[in-house]
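In the order they appear, the protein sequences are chains A and B. Going letter by letter, the first sequence gives residues 4 to 280 in my numbering. Going letter by letter, the second sequence gives residues 26 to 337 in my numbering. Here the structure comes first, spelled out in structure tokens, and everything after it is commentary.
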Amino acid sequence: MTRAMKRAMTDAPGRSHPLVVMAAIATLVILLAPLAVVVAISFTSGAMLKFPPQGFSLRWYLALADNLEFGRAIVTSLQLAVATAIASMLLGASAAVGLRAHRFPGRDALESFLLSPLMLPQLVLAIALLMYFSRLGLRASFVGMWLGHVVVTVPYVIRMVLVSLERIDPNIERAARIAGAGPVRVFFQITLRLLMPGVAAGTCFAFIMSFDNLVVSLFLSGPRMKTLPVEIYGYLEYADDPLLAAVSSVVIVGIVLLLIVMEKTVGFTRALVQQGA
Amino acid sequence: MLEQSPEPVPGSKARRRPDTGHDLVSPSADKPHRVWPPAILVPVVVAMLALLAGPLMLIALTSVSTGPAGELGRGWTLAHFGRFLGDPYYRSVMLATLRIGAIVTLCSLLLAYPFAWWTLRQRGWLRAALLFAALAPLMVTVSIRTLGWIVLLADNGPLNALLSLSGIVTGPVRMIYTEFAVVLGLIEALLPFMILAVFTALQSIPRDVLRAAEIAGATPRQRFFKVILPLSLPGVAAGSVLVFTLAASSFVTPRILGGGRTTTVANLVVDQFLVSLNWPFGAAIGVLLFVVIGAVMALERAVSRRLPGGTQ
Chain A
4 MTRAMKRAMT DAPGRSHPLV VMAAIATLVI LLAPLAVVVA ISFTSGAMLK
54 FPPQGFSLRW YLALADNLEF GRAIVTSLQL AVATAIASML LGASAAVGLR
104 AHRFPGRDAL ESFLLSPLML PQLVLAIALL MYFSRLGLRA SFVGMWLGHV
154 VVTVPYVIRM VLVSLERIDP NIERAARIAG AGPVRVFFQI TLRLLMPGVA
204 AGTCFAFIMS FDNLVVSLFL SGPRMKTLPV EIYGYLEYAD DPLLAAVSSV
254 VIVGIVLLLI VMEKTVGFTR ALVQQGA
Chain B
26 MLEQSPEPVP GSKARRRPDT GHDLVSPSAD KPHRVWPPAI LVPVVVAMLA
76 LLAGPLMLIA LTSVSTGPAG ELGRGWTLAH FGRFLGDPYY RSVMLATLRI
126 GAIVTLCSLL LAYPFAWWTL RQRGWLRAAL LFAALAPLMV TVSIRTLGWI
176 VLLADNGPLN ALLSLSGIVT GPVRMIYTEF AVVLGLIEAL LPFMILAVFT
226 ALQSIPRDVL RAAEIAGATP RQRFFKVILP LSLPGVAAGS VLVFTLAASS
276 FVTPRILGGG RTTTVANLVV DQFLVSLNWP FGAAIGVLLF VVIGAVMALE
326 RAVSRRLPGG TQ
């Protein structure tokens, strides 16, 4: 095979139309500009939420360390995200395994039902839960928000574990069986290990989605029980305060670091691309 | 080991397990997770019945109940739906919501498609970095991203500074608290979903199909319009419906970036629940929003089935 043929076969990157490149760059600018601006402003020495920042200082980070409201909200959000991630992992992984382990009448319908929150506008779910929890006395409580977040995140975990299950090469499990391992041992020592990246990715997504959630939290939170996105949202309408930029920057940096770790271990972008939006 | 499969499938990777005669490996061993009984599904089913089916049933019942605070069982009515549909103001809000949803979907597609295409043609670390940069914003809460737009679009903000520097305008242009700001904020919030859908669709087009077109003498332009574009349409449709759904049901971005001037159906729902406290009416609007979105989804399914690369 000649070198030219080889190059043709590998579909060399080639040049794209200038309009394509311009649209792609515009996309990146639109996606990243709002986050970049927030981080830049957080280092302002001025008292205005304005870009470009005036001077450089860490005063708003120091102010953040003294701010009880944001501190409490961050702790609430972290606790909620951890609790949500654990519950979603257990429910989601067991659901995916159960859905693929057996054929039974109504299995497809059950799968659609369990994945249906993906299709449901979160606002509709949020008001439904608000009414429901008001009757149960769970409004404005940690447990209420936790249960609401679990409904939102479980379908994502289910879908990611389902994708992982489908990608397992049955020959590996078969080999273990032939080598004499019992079915229980094969599950725990082979299948579960092969599933781990999917389960881990799903759990990380559940954590992030709970930490990010504004819509469900806004309706289920109360004056004494606010998550960080709800607290920031409350400030957006009134305050003109670089403190907001400082707390937001902390979140942005934290999330990006977590995503980089995910990318290096379980594959953050791969997990998203595999399940196709 | 001899291949004793009765009908060997040529070239098939998933060859049948040869019948070895002795039952060392029972059929159920094909899927070792079968060690779990169906009872493993009980917790998740109970949880979703209690936390999803229950609340949705309640909202449906509340939307047709008469009591102002949403008491059930005092009588049933369709008056809440009639009130919404009969009022020209509410109808105009519904139309505005659908219009914003359509504009956001179209703009997202026009930006996401070239980006996905361009990213797919890159190799190695650059492709990974581009994809990461496009998808990471999805993981930052919408409160924070909205904050960024408030600063960017301010009267004395950087975008206005750029515009006056370039001499396009003389004074500051009002951008924040307009429908333009709402649309821009929603595009930014929802672009990653569209990129993901289009990228997945483009990636799943077999290379052989492109090569076949090339060998058949298709120019790059023909290859794109006759092969790539049609085959990516199911992904485009799926991404569009997702973005439209999310745009039409959003309330944070319209509320903050629209400054209360751009009202959407979702904001009407929020007001009924958190301000007016007319829950049955709010529930009815929520149900209507759900029905409209469900209709759009059903339409997409019907259309997608007819597309060349569609499922079924």
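Ideal placement from N, C-alpha and C gives every residue a C-beta, glycine not left out.
Environment of residue i [buried if 16+ CB atoms lie within 10 Å]
i             : result
residue 178/A : exposed
residue 195/B : exposed
residue 22/A  : exposed
residue 139/B : buried
residue 192/A : exposed
residue 201/B : buried
residue 87/A  : buried
residue 274/A : buried
residue 134/A : buried
residue 192/B : exposed
residue 187/B : exposed
residue 187/A : exposed
residue 240/A : exposed
Collapsed DSSP secondary structure at residue i in the structure displayed
i             : result
residue 100/B : coil
residue 48/A  : coil
residue 147/B : coil
residue 54/B  : Residue placement at residue 54/B cannot be trusted, given a pLDDT of 44 that sits under 50; the coordinates are not used to answer.
residue 53/A  : coil
residue 179/B : coil
residue 165/B : coil
residue 203/B : coil
residue 250/B : helix
residue 63/A  : helix
residue 123/A : coil
residue 46/B  : Summary for residue 46/B: the model assigns pLDDT 39, below 50, so the residue's position carries little reliability, and this model does not support an answer.
residue 22/A  : helix
residue 109/A : coil
residue 207/A : helix
residue 345/B : This structure cannot speak to residue 345/B, because chain B is shown only from 26 to 337.
residue 291/B : helix
residue 214/B : helix
residue 286/B : coil
residue 300/B : coil
residue 106/B : helix
residue 143/A : coil
residue 121/B : helix
Bridge-paired residues (DSSP) for residue i
i             : result
residue 228/A : 225/A
residue 90/B  : 101/B
Contacting residues, own chain, Cβ-Cβ under 8 Å from residue i (five flanking each side not counted)
i             : result
residue 155/A : 120, 125, 128, 212, 213, 216, 219
residue 170/B : 162, 210, 213, 214
residue 217/B : 159, 160, 162, 163
residue 48/B  : Here residue 48/B scores only 39 on pLDDT, less than 50, and its place in the model is too uncertain to base an answer on.
residue 228/B : 145
Close Cβ partners of residue i (< 6 Å) along its chain, the five nearest in sequence each way excluded
i             : result
residue 248/B : 238
residue 91/B  : 99, 100, 102
residue 90/A  : 153
residue 148/B : none
residue 54/B  : Any answer about residue 54/B is weak, because its pLDDT of 44 lies below 50 and its placement is not dependable; what the coordinates show is given next. Counting only Cβ-Cβ distances below 6 Å, and skipping sequence neighbours, we find nothing.
residue 281/B : 171
residue 284/B : 202
residue 204/B : 287
Sequence-distant residues of the same chain with beta carbon closer than 7 Å to residue i, five excluded per side
i             : result
residue 164/A : 95, 96, 99, 198, 201, 202, 205
residue 277/A : 166
residue 113/B : none
residue 42/A  : 252, 255
residue 328/B : 262
residue 219/B : 133, 134, 137, 264, 268
residue 295/B : 276
residue 224/A : 143, 148, 230, 233
For the stretch 32-47 of chain A against the stretch 249-260 of chain A, do three or more pairs of beta-carbon atoms, one drawn from each stretch, fall closer than 8 Å, so that the two count as touching? Taking 8 Å as the limit for Cβ pairs, the verdict is that the stretch 249-260 of chain A does touch the stretch 32-47 of chain A.
Does the pairing of the stretch 69-79 of chain B with the stretch 112-119 of chain A give three or more beta-carbon distances under 8 Å? Short answer: they touch.
Would you say the stretch 94-112 of chain A touches the stretch 153-170 of chain A, given that touching needs at least three Cβ pairs under 8 Å? Contact holds: three or more Cβ-Cβ distances are below 8 Å.
Check whether the stretch 244-258 of chain A touches the stretch 58-70 of chain A, taking contact to mean three or more Cβ pairs, one atom from each stretch, closer than 8 Å. The stretch 244-258 of chain A vs the stretch 58-70 of chain A: in contact.
Between the stretch 167-184 of chain A and the stretch 230-239 of chain A, do at least 3 Cβ pairs fall closer than 8 Å? Contact fails between the stretch 167-184 of chain A and the stretch 230-239 of chain A, because fewer than three Cβ pairs, one in each stretch, are under 8 Å apart.
Specify whether the stretch 106-125 of chain B and the stretch 308-317 of chain B touch according to this definition: at least 3 beta carbon pairs, one from each stretch, less than 8 Å apart. With a cut-off of 8 Å on Cβ pairs, the stretch 106-125 of chain B is in contact with the stretch 308-317 of chain B, counting three or more such pairs.
In the stretch 241-259 of chain A, which residues sit with their C-beta less than 8 Å from some C-beta in chain C, listed in chain order? Protein chains in the displayed structure are A and B, and chain C is not among them.
The stretch 141-148 of chain A touching the stretch 315-331 of chain B, judged by at least three CB pairs closer than 8 Å: At 8 Å Cβ cutoff, the stretches do not touch.
With three or more C-beta pairs closer than 8 Å as the rule, is the stretch 168-183 of chain B touching the stretch 224-243 of chain B? Of all C-beta pairs linking the stretch 224-243 of chain B to the stretch 168-183 of chain B, fewer than three are shorter than 8 Å, placing the two stretches out of contact.
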